[in-house]
Amino acid sequence: MIKSLDDLLAKLTRAPLSQETVNSIFQETQVAKEAFSKYFIFSKNCYMRNLIHRTDAFELLVICWEPGQQTPLHDHNSSAGWMLPLDGTISETRYRVQPDPEPHFVKVSSQPAREISYIDDFIGMHVLHNDSGQRAATLHVYTPPISECRYYDFQTLATRTATMRYHSQDGVTCS
Ligand SMILES: [Fe+2]
């Protein structure tokens, strides 16, 4: 079992980051949510991306969600992403583009994320949303780190490239 954040970082740093290894690392992760408390930084303005650690191979961050906050529909720019709920409940709705007769998005699944979830661009795109009425916090690994992704407009399928930013790093709010 992985019981501390240091152990989790050591495992992620040493392991070859295939889907299988990150899955098994997250499955072994039983770190108390209190260990992440310095990364629990919330804002009424937007969901908060709080960086724990970044290398060329991966980034580990805590996303903090006030009630009602959600992401745009987005892809992951060829990265692989895992999510582990730390506190509260986040829901995920996945979409694919249906090509016929006119291209449009179709909902593939929608459910509260209660355990490890995985996504990449082959699986589809998604929206993460906090419908719970309570604050929530989720732990994310992306490999490689995502510097840019695409946001999608449901009606037009138009895309907008977004530069990813952190709202805090190592517990310190970014200016
Ligand atoms: Fe995502």
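Heads up: the sequence shown at position 30 corresponds to 15 in my numbering, and the numbers run straight through without jumps.
Ideal Cβ placement from N, Cα and C applies to all residues, glycine included.
Short Cβ contact (7 angstroms threshold) for L71 with K23: Here residue 71 is taken as the residue at index 86 of the sequence shown, counted from 1. Here residue 23 is taken as the residue at index 38 of the sequence shown, counted from 1. For L71 and K23, no; Cβs fall outside 7 angstroms.
Tell me whether the beta-carbon of V126 lies closer than 7 angstroms to the beta-carbon of W67. Here residue 126 corresponds to residue number 141 of the sequence shown, with the count starting at 1. Here residue 67 corresponds to residue number 82 of the sequence shown, with the count starting at 1. With a cutoff of 7 angstroms on beta-carbon distance, V126 and W67 are scored as near each other.
Which partner residues does D72 have in the DSSP bridge list? Here residue 72 refers to the residue found at position 87 when the sequence shown is read from its first residue. A122.
Taking buried to mean at least 16 other C-beta atoms within 10 Å of its own C-beta, is M(-14) buried or exposed? Working through the sequence shown from its first residue, we reach residue -14 at position 1. Around the Cβ of M(-14), a 10 Å sphere holds fewer than 16 other Cβ atoms; the residue is exposed.
Which of the three DSSP states is assigned to D80 in this structure? Residue mapping note: residue 80 aligns to position 95 of the sequence shown, counting from 1. The amino acid occupying residue 80 in the given sequence is Tyr; Asp does not appear at that position. Three-state DSSP puts Y80 in a strand.
Count the CB pairs spanning the stretch 112 to 129 and the stretch 40 to 48 that are closer than 8 angstroms, and state whether there are at least three. Yes, since at least three Cβ pairs between the stretch 112 to 129 and the stretch 40 to 48 fall closer than 8 angstroms, the two stretches touch.
Count the other CB atoms, across all protein chains shown, that sit within 10 Å of the CB of V91; report buried if there are 16 or more and exposed otherwise. Here residue 91 refers to the residue found at position 106 of the sequence shown. Around the C-beta of V91, fewer than 16 other C-beta atoms lie within 10 Å, and the residue is accordingly described as exposed.
Can you give me the start and stop residues for the beta strand (DSSP E) that V47 sits inside? Taking the sequence shown and counting its residues from 1, the one referred to as residue 47 is at position 62. Segment E44 to W50, the beta strand (DSSP E) holding V47.
What three-state label does DSSP hand E133 in the structure shown? The residue given as residue 133 occupies position 148 in the sequence shown. Three-state DSSP puts E133 in a strand.
One question on the structure: do A122 and F25 come within less than 7 angstroms of each other, judged by their Cβ atoms? Position 137 of the sequence shown, counted from the first residue, corresponds to residue 122. Position 40 of the sequence shown, counted from the first residue, corresponds to residue 25. The criterion of a C-beta distance shorter than 7 angstroms is satisfied by A122 and F25.
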